[in-house]
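Count the sequence shown with this note's numbering and you get residues 38 to 409, in order.
First up is the structure itself, then whatever we jot down about it.
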Amino acid sequence: MMHIEEGDKHNFWADGLPAGLTVVRQFDKLVMGAWVLCLIAYAAAFVLLRSYYTLDPYFLLSFIGVPFDLVGLIYIINRKNISSLVITVILAIGGYLVTNSLMYIIIVVYVFIGALGVACVVDAIQRIIFYDVVSHIRYVNVKEKLSIKDRLYAFIFNVPPDLDTRNIVISPKKLGNKFPWKDMGSTIVLSLIVGMFFWIYLSLNPTFMQTGTISSDVPTFIFGVMLYVPVIVLPFTVFKSLDVKIGTNYRDFRLFNGALATIQRMAVPVFAALIFVLMAMNEQDPVQVLLFIGLSAIIILFVVILTSIIYYYAMEATTSSDISKKWKIFIPVPLMMTLHKDDGSEKIVYPGTPERDESDMSEISLTVRMKE
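Okay, structure coming up:
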């Protein structure tokens with residue numbers, strides 16, 4: 038709906054999200070609802086079990102990826118792909134009979150079902166946030182008073198303050214049969230940066246620093262925690278797939294590049310803090326911490342590659358297409374629309390077509406009278 042916004046220097050016409058501008062499906066609502074409720078239930082169960090029973094915390098943390106297992110199970114049932122569920126059960130039971138280890142069952146379930154759940158959650162988050170993000174960024178540099186969301190999105194996407202953000206456009210890329218290895222490469226880099234926060238936790242946690250106190254459940258705990266890394270990183274890929282950018286007369290500003298710059302900028306002090314913590318350790322065993330840092334890095338690579346393959350092959354095309362179809366509802370006409378082509382191509386001339394002198398065209402002046 039069109040309305041007048043107060044700008045920094047003058048007022049301007051702005052429009053909120055029009056009716057019908059949503060790409061969130063009922064399945065996405067089901068996925069997010071199940072994931073959030075299961076996450077809350079897991080947190081409550083963790084607190085209660087730690088309060089009344091003397092269970093190893095890393096045994097309980099091994100089940101931190103269960104919310105993704107639930108979502109993956111919902112996806113399998115929705116797609117009626119029962120064969121993958123049967124294969125997972127057979128591998129889990131067979132592995133347990135051979136190894137007699139519960140850790141093997143948990144990891145198999147995480148790999149074959151949890152990774153599906155991660156991709157579903159990422160897809161749902163992209164559909165929920167996309168138009169909310171672009172609608173706030175569209176007017177972030179012309180408003181007089183910025184909301185919390187405006188400031189948050191401007192920070193995350195590193196939007197320059199002197200940029201006219203109203204000319205926001207998309208250029209969806211053609212999705213072929215080739216796997217987007219470059220996109221996945223940038224995703225892996227971002228994931229390793231996010232993983233540094235976890236590594237700092239390892240370095241500062243006294244339990245990890247004491248030799249001989251690490252339980253056999255820690256590798257499973259790390260695997261479960263790493264399932265959450267793609268949920269933080271992969272939602273930004275939709276802005277790269279659709280090439281969301283703010284057009285200018287010079288170099289366009291791409292939102293994905295802005296988010297990438299923000300994460301990289303944050304990584305510098307985080308990495309410095311990690312090095313400082315490792316150097317400051319005295320009586321503890323730093324080799325043990327470095328061992329688990331290396332283990333978590335390997336798991337990050339495996340989880341991100343696995344979930345990226347599932348997402349790019351099964352979900353990216355549909356999500357990008359659904360968002361592109363709604364773009365004309367969001368912005369019917371680009372802000373920088375001219376009478377001439379700006380791409381340097383020759384104008385098509387049809388014989389006998391009358392031409393009008395542009396100097397004869399009148400100018401339109403709009404003024405707004407404020408009530409005192």
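From the three backbone atoms N, C-alpha and C, an ideal C-beta is built for every residue, glycine too.
Practice task
Take ARG203 as the anchor and find which of LEU297, LYS66 and LYS282 has the nearest alpha-carbon.
Solution key: LYS282
Exercise for the section: List the DSSP bridge partners of PHE149. Expected result: Answer is none; PHE149 lacks a bridge partner.
Practice task
Note the first and the last residue of the continuous alpha helix (DSSP H) segment covering MET69.
Solution key: 63 to 89
Practice task
Could you tell me which of ILE335, ILE259, PHE367 and TYR348 sits nearest to ILE101, measuring between CA atoms?
Solution key: ILE259
Exercise for the section: Under the assumption that VAL231 contacts VAL270 (Cβ atoms under 8 angstroms), give the Cβ distance between them as a whole number of angstroms. Expected result: 6 angstroms
Practice task
Report all residues from its chain with a CB closer than 7 angstroms to the CB of TYR89; omit the five preceding and five following residues, and keep chain order.
Solution key: none
Exercise for the section: Find out if the Cβ-Cβ distance for the pair ILE368, ALA296 is shorter than 8 angstroms. Expected result: no
Problem - Residues of its chain near CYS75, where Cβ-Cβ distance is below 6 angstroms and the 5 sequence neighbours each way are ignored - result: PRO104 and LEU107
Exercise for the section: Could you say if the region 143 to 161 and the region 342 to 351 meet the contact criterion of at least three C-beta pairs nearer than 8 angstroms? Expected result: yes
Exercise for the section: In the DSSP assignment, find the alpha helix (DSSP H) that holds PRO104 and state where it starts and stops. Expected result: 103 to 116
Practice task
Measure the C-alpha to C-alpha separation of LEU338 and ASN137 and round it to an integer number of angstroms.
Solution key: 27 angstroms
Exercise for the section: List the whole-angstrom C-beta distance separating GLY151 from ILE142, where the pair is believed to meet the contact cut-off of C-beta under 8 angstroms. Expected result: GLY151 to ILE142, Cβ: 12 angstroms. No contact.
Handout entry: ASP220 to PHE273 span [Cα, whole Å]
Key = 11 angstroms
Exercise for the section: Check whether the Cβ atoms of ARG175 and VAL61 lie closer than 8 angstroms to each other. Expected result: no
Practice task
Could you tell me whether any Cβ in chain B is nearer than 8 angstroms to the Cβ of GLY261?
Solution key: Absent here is chain B; the protein component of the structure consists of one chain.
Handout entry: Contacting residues, own chain, Cβ-Cβ under 6 angstroms from ILE300 (five flanking each side not counted)
Key = LEU227 and ILE230
Practice task
Per DSSP, which residues does LYS362 bridge with? Please list them.
Solution key: The partner list for LYS362 (beta bridge, DSSP) is empty, contrary to what the question assumes.
Exercise for the section: Compute the Euclidean distance between the alpha carbons of LEU264 and LYS363, then round it to the nearest angstrom. Expected result: 31 angstroms
Problem - Assigned secondary structure, ILE185 (DSSP; H/G/I helix, E/B strand, else coil) - result: helix
Practice task
Can you check DSSP and say which residues form a bridge with LYS282?
Solution key: VAL206 and ARG291
Exercise for the section: Quick one: using the 10 Å Cβ neighbour count with 16 as the cut-off for buried, is SER172 buried or exposed? Expected result: buried
Exercise for the section: Give the DSSP-derived three-state secondary structure of ILE124 in the structure shown. Expected result: helix
Problem - Reduced DSSP secondary structure (H/G/I, E/B, other) of VAL226 - result: helix
Exercise for the section: Buried or exposed for LYS117, please, with buried defined as at least 16 other CB atoms from any protein chain shown within 10 angstroms of its CB. Expected result: exposed
Exercise for the section: Run the CB neighbour count on THR91, radius 10 Å, all protein chains shown included, and call it buried at 16 or more, exposed below. Expected result: exposed
Problem - Three-way DSSP call (helix, strand, coil) for SER345 in this model - result: helix
Practice task
Apply the 10 Å Cβ neighbour rule to LYS365 and answer buried if 16 or more other Cβ atoms are within range, or exposed otherwise.
Solution key: exposed
Problem - Given THR356 as reference, the closest of ALA161, VAL148, TRP72 and ILE114 once Cα atoms are compared - result: ALA161
Problem - Nearest candidate by alpha-carbon position, reference VAL275, set SER121, LYS210 and LEU139 - result: LYS210
Practice task
Note down the Cα distance separating LEU122 from LEU98, rounded to an integer number of angstroms.
Solution key: 24 angstroms
Exercise for the section: Would you give the residue range spanned by the alpha helix (DSSP H) that ILE368 belongs to? Expected result: Here ILE368 belongs to no alpha helix (DSSP H), and DSSP marks it neither H nor E.
Practice task
Could you round the C-beta distance between LYS277 and PHE290 to whole angstroms and report it? I think they count as a contact, below 8 angstroms.
Solution key: At roughly 14 angstroms, the Cβ-Cβ gap does not stay under 8 angstroms, so LYS277 and PHE290 are not in contact.
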